[in-house]
Ligand SMILES: [Zn+2]
Ligand SMILES: [Zn+2]
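Numbering (the working numbering), first residue to last: 5 to 152.
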């Protein structure tokens with residue numbers, strides 16, 4: 005989804021994001037595959053001459069498998085991004101810039117999401133994981149066969 009900055013009215017440009025916005029769903033699919041549901045959110049663009057303020061909220065529920073205990077769980081995310089965008093100068097590849105008077109919302113939202121996502125996925129920060137020897141889920145009880 006590209007927005008020409010000339011088309012941003014004085015009161016700002018407001019977009020509602022939901023499951024019927026193909027480009028938005030596409031971004032989420034490229035990050036979470038088919039393991040997400042309930043996508044929603046909104047985008048606001050305001051412009052003051054060359055300076056464009058980008059504000060976005062993205063809500064999505066992702067189903068994950070815990071890195072430690074392998075149990076499945078759902079994680080609801082509520083992201084908020086705010087950025088000031090300026091025209092790209094030279095070959096400076098900064099994602100907080102735009103080219104040819106166009107704001108590339110796909111790229112902005114994709115990069116913002118990637119930066120916010122956790123590196124390791126745990127069902128909860130205290131997850132005890134599995135017994136190294138037999139795979140017993142230590143969240144349920146200490147391993148009956150291999151007590152620590
Ligand atoms: Zn876990
Ligand atoms: Zn064990």
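Here a beta-carbon is modelled for each residue, glycine too, at the ideal position from N, C-alpha and C.
Query, Result
"Is residue 45 helix, strand or coil by DSSP?", "strand"
"Quick one: is the Cβ of residue 127 within less than 6 Å of any heavy atom of ligand 1?", "yes"
"Check whether the Cβ of residue 73 sits closer than 6 Å to any heavy atom of ligand 1, and report yes or no.", "yes"
"Can you tell me whether residue 103 is helix, strand or coil according to DSSP?", "strand"
"Between residue 135 and ligand 1, is the CB less than 6 Å from at least one heavy atom?", "no"
"Tell whether a beta-carbon distance below 7 Å holds between residue 46 and residue 61.", "yes"
"For residue 41, which residues in the same chain have their Cβ closer than 7 Å to its Cβ, ignoring the five residues on either side in sequence?", "65"
"Here's the rule I'm using: 16 or more other beta-carbon atoms within 10 Å means buried, otherwise exposed. How should residue 122 be labelled?", "exposed"
"Quick check for students: name the residue ranges of the alpha helix (DSSP H) that lie wholly in the region 23-85, counting only runs of 4 or more.", "26-36"
"What do you reckon, is the C-beta of residue 147 under 6 Å from a heavy atom of ligand 1?", "no"
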